[in-house]
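One structure is given here, and the rest of the page talks about it.
So this is what it looks like as structure tokens:
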């Protein structure tokens, strides 16, 4: 199992400092929240890339149907180049919650899901060097192939992690096209064990990432591993440390997340 931390907010300098601290403390990944407005996630990740050398860098998550997929593809490729091949793209259809701005985007769930499927295909095509794409929702055409050449990622295949909900077959089939699963609806270890079995039976590769997230204490390694162990036993490949419950961007939240990062990941005791 690998260990990442989701930065819950703060200013750009605060989050950049937290990313550097996470690498020093032994975490394997740093993930940032992508909102409709505020600190821009991909600009932040681009700043983190040259300031770190090892940690994976990505979003948790990008609401792909509310973004232009060719722009997302460009941002991901830029971070991948700057980081030497450490970018990860976490995607979902986008949450409808009262604390997000109302911006007039598509809200119908089926339409957003179809846009996300088309967006995944478009991004994959662009990362492979395509100069044109025509799908059910998006059209892309560019006459200059030099843009495609210089805009390709370092990785042969940028990991795309997608939200999937057990036991909904449509969202699970989408996961088969991607590289990782962000479980929806707070699934427990038993549900994720069944999810992995379902995907494996349908040809998912053994290296498919399945994420779990939650909170572990900074000052009790045994308790931290006790929290993580059931998820590891269920086949999860990443534990993502979160701190969602404190007030957004508060000083208390910044102090707590910094202290938790500095204590290091909740690894299995030696």
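Numbering (UniProt numbering), first residue to last: 1 to 270.
All C-beta atoms, glycine included, are put in the ideal place defined by N, C-alpha and C.
The three-state secondary structure of residue 111, taken from DSSP, is helix. Straight-line spacing of the CA atoms in residue 262 and residue 21 works out to 7 Å. Residue state for residue 56 is assigned as strand, using DSSP reduced to three classes. A residue is called buried once 16 or more other Cβ atoms fall within 10 Å of its Cβ, and residue 34 is buried on that count.
Residue 174: member of the alpha helix (DSSP H) spanning 169–176, first to last residue. The DSSP-derived three-state label of residue 2 is strand. Residue 7 is a Cβ neighbour of residue 257, given a cutoff of 8 Å.
Within the model, the alpha-carbon separation for residue 67 versus residue 241 is close to 26 Å. Along the length of the region 20–99, whole beta strand (DSSP E) runs at least 3 residues long occupy 29–32, 56–59, 87–92, reported in chain order.
Across the structure, residue 211 and residue 50 are spaced so that their CA atoms are roughly 26 Å apart.
In the structure shown, residue 252 adopts helical secondary structure according to DSSP, grouped into three states. For residue 241, the enclosing beta strand (DSSP E) starts and ends at 238–241. A direct Cα-to-Cα measurement between residue 24 and residue 4 gives close to 13 Å. The beta carbon of residue 269 is closer than 7 Å to those of 221, 222, 225 in its chain, skipping five residues each way along the sequence. Counting C-beta atoms within 10 angstroms of its own C-beta, residue 266 has 16 or more neighbours from the protein chains shown and is therefore classed as buried.
Cβ contact annotation for residue 79 (same chain, cutoff 7 Å, sequence separation greater than five): 42, 45, 46, 49, 57, 87, in chain order. A buried status is given to residue 65, since no fewer than 16 other beta-carbon atoms sit within 10 Å of its beta-carbon.
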